[in-house]
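Undergrad: Chains as they are written, first to last, in the numbering used here: chain F, 1 to 504; chain Z, 505 to 1008; chain L, 1009 to 1174; chain X, 1175 to 1340.
#1: Could you list which residues in chain X have their beta carbon closer than 8 Å to that of residue 925 of chain Z, in chain order?
#2: I'd like to know whether the C-beta atoms of residue 223 of chain F and residue 128 of chain F end up nearer to each other than 8 Å.
#3: Under three-state DSSP, which class holds residue 1229 of chain X?
#4: Where do the N-terminal and C-terminal ends of the alpha helix (DSSP H) with residue 949 of chain Z fall, by residue?
#5: Looking only at DSSP bridge pairs, what is residue 1176 of chain X linked to?
#6: So for residue 88 of chain F, helix, strand or coil by DSSP?
#7: Counting only beta-carbon separations shorter than 8 Å, does residue 882 of chain Z have a partner in chain L?
#8: Output the boundary residues of the alpha helix (DSSP H) element that contains residue 462 of chain Z.
#9: With respect to the beta strand (DSSP E) encompassing residue 1172 of chain L, which residues constitute its N-terminal and C-terminal limits?
#10: According to DSSP, residue 568 of chain F sits in a beta bridge with which residue or residues?
#11: Whose C-beta lies closer than 6 Å to the C-beta of residue 324 of chain F among residues of the same chain, with five residues either side of it excluded?
#12: Which runs of the beta strand (DSSP E) at least 3 residues long sit entirely within the stretch 681-721 of chain Z? Give them in chain order.
#13: Name the one or two DSSP bridge partners that residue 1272 of chain X has.
#14: Got a sec: which bits of the stretch 1200-1215 of chain X sit with their beta carbon under 9 Å from any beta carbon on chain Z, in order along the chain?
#15: Could you name the residues of the same chain whose beta carbon sits closer than 6 Å to that of residue 531 of chain Z, not counting the 5 residues immediately before and after it, in chain order?
#16: Among Z/758, Z/857, Z/877, Z/933, which one has its Cα closest to the Cα of residue 904 of chain Z?
#17: Quick check: is the beta carbon of residue 1142 of chain L nearer than 8 Å to any beta carbon in chain F?
#18: On the premise that residue 53 of chain F lies in contact with residue 1112 of chain L, defined as a C-beta separation below 8 Å, what is that separation, rounded to the nearest angstrom?
#19: Determine whether the Cβ of residue 1009 of chain Z lies closer than 8 Å to any Cβ atom of chain F.
#20: Verify the CB distance criterion: does residue 1268 of chain X have a CB-CB separation below 8 Å to chain F?
#21: Starting from the Cα of residue 519 of chain Z, find the closest Cα among Z/505, Z/506, Z/538, Z/552 and give me that residue.
#22: Look at the alpha carbon of residue 878 of chain Z and the alpha carbon of residue 893 of chain Z, and state the distance between them as a whole number of angstroms.
#23: What does residue 1219 of chain X touch in chain F if you count any residue whose Cβ is under 7 Å from its own?
#24: Provide the residue span of the beta strand (DSSP E) that contains residue 170 of chain F, from first to last.
#25: Apart from the five residues just before and just after residue 1129 of chain L, which ones in its own chain have a Cβ nearer than 7 Å to its Cβ?
#26: Mind checking the stretch 1062-1090 of chain L against chain Z and listing, in chain order, the residues whose C-beta falls within less than 9 Å of any C-beta there?
#27: Under 7 Å between beta-carbons, which chain Z residues line up against residue 304 of chain F? List them in chain order, please.
#28: Does residue 1297 of chain X come out as helix, strand or coil in the three-state DSSP assignment?
#29: List the residues that DSSP assigns as beta-bridge partners of residue 275 of chain F.
#30: Spell out the partners DSSP gives residue 419 of chain F in its beta bridges.
#31: Any beta-carbon of chain F closer than 8 Å to the one on residue 1170 of chain L?
#32: On a CA-only basis, which of L/1167, L/1012, L/1065, L/1171 is nearest residue 1159 of chain L? Give me that one, please.
#33: I'd like to know whether the C-beta of residue 1272 of chain X is nearer than 8 Å to at least one C-beta of chain Z.
#34: Thinking C-beta only, is residue 597 of chain Z closer than 8 Å to residue 584 of chain Z?
#35: How big is the Cα-Cα spacing for residue 156 of chain F and residue 506 of chain Z?
#36: What residues in the stretch 1012-1032 of chain L have a beta carbon less than 7 Å from any beta carbon of chain F?
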């Protein structure tokens, strides 16, 4: 049984895991790249070791170095978080071969679910419904895929076999655009997973993305913690999640049916630890297996809020060989939780990534608000890693109360130095379709526009005009003043005039 | 029914109330003193109006101006928060006479409980046990009190009749020191409440301070939300509270008995809205009425955490004439909550107040952590108001988990610019007596010392030595450098030497 | 000083007496304007209403005001300058060349064109990766690639001129 | 540069080569020392252990290090100065006068002594109110009040000399 855990990750999830370890009385070992010497996970951990230069390939993806550090520091276990090495079965195997505990599933389960082709085969064999698409073991050429496309039918999705998180995914409406999109998808997949293989899947329109959280211990107990609604996505990236799903709502029968199928899917690969089964749900409530994420999920906190179960602590307990302290019948969802992913992306400029130093930061606090973050005022947001700055989670008795609370929290959020997508979330919270729970996976891209939303909010151009004018005025005064001081010998108005021209 | 609320307060509680209003869709009006133009409650409110100069007597205690602003701004109700005008029955009456709703009890209830002498009379008449002491209507001279003291018996407490929050309170061991302490108590009472009257109360040794939260609507429903343990005090100021009380623990019978007595006390003054009855509890579980706080309590969040009831929202609903949405049998305490009051007091320097500008601030976040605060990086902590910077509240399944979570949160807390009492709380969390729940109201002052506690923590002087030396070294280098640049003509070492002597 | 302030098609005349008095389209207002701890976060009290906004310089003489989640592009010019512009038209006219500058620091995954190439509007010129996202940067119009200042694998800073279309 | 660093009765010899190498009591260590965003919060990695501390100048040449909730008073002097002190004794000796300075800004509620008064150790000299707390400031020893620089109702700044006992 281990008493020291190495966290093979960075950012908010590394901090989240350090907190769980600390609250369990376990020592923590952080690893960091040269870009992260001052990162929060390095500051909060008991120990910290340098991995290498900023690029992931030279730092957070260096499984060999990480295992070496674990052994050197006397850590007994490694928690991979999400992303990076979390779903690399070879890494998990190497961890175990080094005599360390891997806080996650068996390498065989990761492998089985890692190749989406094989995964689809396995679970459908176990009687789990899957979305129609290309079957088999992935390695298909562009020509083969182009030939198979018509049978799958348009629109369809190109997905990376090694994929996850929307990387290497493209939607195709017509066969003509398919070759270009295949290239793009393979390129992105190659870059993200070092594996350019892709497969095809029918694009089910008007469907929702709903996932089920699973916990399984080493004693054969598998329970599900209910569902999460994840339909609000952009470029296949989740932006906002809620639990429960407004679509499932009070349909406890549907919830339990999806839960049972999820458990079955997990059992089909002898799953252990925390995992998530993603489903595509059609308006008639029929649902299909999409994929299984064999790791901790970004959006796990909303499930923690409504079930009262600390998923990360449970992961560690499971890895220590403990039995789950509860059964399926003990799991109950109460209240409503919503998570907004606050990204360093300028939602007023086509969600373009934004880097820079966080000059000022004020997080929302107060009743029912939780923020998970890996940054702080003074920290530099680099272009090397993903754009997630923090996760803003609210919890309240009902969905309506949760939405009002999220509005309040978003309004309080202050972050200077990088642009964020907070305005996007504010517009979503005001959207009538969102409030009514009427949205699917294409809502953000097809039925939502920042411009339109901005126009619909109670607008106040007069105030904006006054404030901008006062700032401009102050700046003019200050500059004029500086010039005066530095050039006493010449008349002010001339310099002032010149300065103003310079600055236009 | 009102749709706009004026908050007649400042700091964390004003922010807390603004949040509740916003989440109920009500507009908010802030009032502020000249010292608070940039305060968080001014920034978060929909409207804000200047009251006057920094001293409370010229700003937050100006009831007349506040009512005037409420009428001018079209606010339909006033929430007084705690302190300032919260327990002034005349203010409450003036608010009502102005045709506004007062979010709190009736003026008559405030008056009845405001004079501690009358309060003791009233509740004992209603069959509620009170701590032995001087009975009657307060206005006693020093001579009368000195004469009555022996009957009450030593040690005893001098308490302000208009009192609350430990102001104007003094413990007396021998009659000789009583005259001086009477003076001090009257002086402080006069300063705090504009009323120097005091009374005497037996000082029950080894007793605990446990209070019961009450909610009463205008339809005659009165429920209690269980107890709060408030025994950890210094100079009669609460520093840390928890719910439930480790002393009451699983003794549901005691909890319900205290609750019933509290309800009776509230009914004896036809109480409406939120209030708190403070009890002194002896080791044999016999308990006595101390006083009733006819207002929202600083420590209300721990009750919110364990009951899931938003007390401030309930206050507003009650003031809007709604019935309580739950009955006594619906109220259940689950899990454990602890609150640490983070004060601008240097716990390593006899808790001396500390003022200044907050240069850097990083609040703990993550699962089960709530922070209520009215300050932010860049804000100036002035000497005019109380020293409460923020309330750090944690919630977890058990007391042990809550303590571990609080340790984690205290370690994460970063605040630069003013000294705080966070080190005190860290020592308390590590104290075996605290962990065992073995403490009474005198624990902090009689059985606890920062010095001893510091010695007991795992100490690391080598690291402290290295860090201080590196800072000193850097400073020396920098200064030397500056001198070099400004005085290129003279040899460095001479200047360096002189500089070093200068700075010793 | 008097300014002409424009937001989209709205135009206001704002005279600033001091931090506590402005004349807005001829109507005087009592205001209370402060910056929050030296940050580009500003708080304004006007008629008791409390407003807070971020105000950024948009890099070409204008301002962006982020107020309650809505973004307002604001142009502020003083009276005299306004007259000048009215007289001589506003500033230099668009140059014929399109310069593709890096919208953020990142890694050039691949440059899909070379000097002399003919490109159509919407053609992908270059793929820039930042924060794990691959961003396809397209040509806003047809033309000939006149210059290429970067190559695959380059790390570019924000605003670095990567290539031009003429 | 080599320093003699003292904490209470513990004394260490610390030589600083650079931000990455120190020699502690003769033993060399690899260290990584950084300040966090220009604040007096410092992070130190030594042998992989991660430490974070606040470090304050204590106003008379020494340092206070707040590390994991524990406060360490630290004196740092360089070798040469250390030798000097050893030779000539450390600095000026305590003056006979006790100067009561305001420990924080506040309101003088009442001055309980006047010039010429005889006071005993523990006598309350003055009551200072700050943050709604009345703080009784007592005389550390017996003596005669030689000077009173403040009066009831005064607002005093931190470190203001209020009175002296001789």
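Heads up, the beta-carbon is just placed ideally off N, CA and C, and yes, glycines get one too.
TA: In brief:
#1: Here the premise fails: no neighbours, minimum Cβ distance about 11 Å.
#2: Cβ atoms of residue 223 of chain F and residue 128 of chain F: not closer than 8 Å.
#3: Collapsing the DSSP output to three states places residue 1229 of chain X in a strand.
#4: Counting along the chain, the alpha helix (DSSP H) containing residue 949 of chain Z begins and ends at 947-951.
#5: For residue 1176 of chain X, which the question treats as bridged, DSSP gives the partners X/1189.
#6: Residue 88 of chain F falls in the coil class under three-state DSSP.
#7: So, interface residue.
#8: Lying outside 505 to 1008, the shown extent of chain Z, residue 462 of chain Z is not represented and no answer is given.
#9: Per DSSP, residue 1172 of chain L is one residue of the beta strand (DSSP E) stretching across 1169-1173.
#10: With chain F running from 1 to 504 in the structure shown, residue 568 of chain F is simply not present.
#11: Beyond the five residues adjoining it in sequence on each side, residue 324 of chain F comes within less than 6 Å, by CB distance, of 217, 221 in the same chain, given in chain order.
#12: Complete beta strand (DSSP E) runs here, min 3: 702-706, 712-720.
#13: The partner list for residue 1272 of chain X (beta bridge, DSSP) reads X/1339.
#14: Here the close residues are 1203, 1205, 1207, 1209, 1210, 1211, 1212, 1213, 1214, 1215.
#15: Closer than 6 Å at Cβ, skipping near neighbours: 508, 550.
#16: Taking only the C-alpha atoms, the option nearest residue 904 of chain Z is Z/933.
#17: Yes, because at least one Cβ of chain F sits closer than 8 Å to the Cβ of residue 1142 of chain L.
#18: With a Cβ gap of about 20 Å, residue 1112 of chain L and residue 53 of chain F do not count as contacting.
#19: Absent from the model: residue 1009 of chain Z. The displayed extent of chain Z is 505 to 1008, so no value can be given.
#20: Residue confidence for residue 1268 of chain X is low, a pLDDT of 47 falling below 50, so the modelled location carries little weight; the figure read from the coordinates is stated next. With 8 Å as the cut-off, residue 1268 of chain X does not count as an interface residue toward chain F.
#21: Ranked by how close their Cα comes to the Cα of residue 519 of chain Z, the residues Z/505, Z/506, Z/538, Z/552 have Z/552 in first place.
#22: Rounded to the nearest angstrom, the two C-alpha atoms are 7 Å apart.
#23: Here the neighbours are 48.
#24: Start and end: 170-172.
#25: Cβ-Cβ distances below 7 Å link residue 1129 of chain L to 1147, 1148, 1149, 1150 in the same chain, with the five nearest sequence neighbours on each side left out; the list follows chain order.
#26: Within the stretch 1062-1090 of chain L, no residue qualifies.
#27: Going along chain Z in sequence order, the residues near residue 304 of chain F (Cβ under 7 Å) are 871.
#28: When DSSP states are grouped into helix, strand and coil, residue 1297 of chain X belongs to the coil group.
#29: BP columns for residue 275 of chain F point to F/214.
#30: Checking the DSSP bridge columns, you'll see residue 419 of chain F has no partner listed.
#31: Contact of residue 1170 of chain L with chain F is not assigned, every C-beta pair being separated by 8 Å or more.
#32: Looking at the Cα atoms, L/1171 is the closest of the given residues.
#33: So, not an interface residue.
#34: Cβ distance not < 8 Å, so residue 584 of chain Z and residue 597 of chain Z don't count as in contact.
#35: Going from the Cα of residue 156 of chain F to the Cα of residue 506 of chain Z covers about 54 Å.
#36: Listed in sequence order: 1013, 1015, 1018, 1020, 1022, 1024, 1030, 1032.
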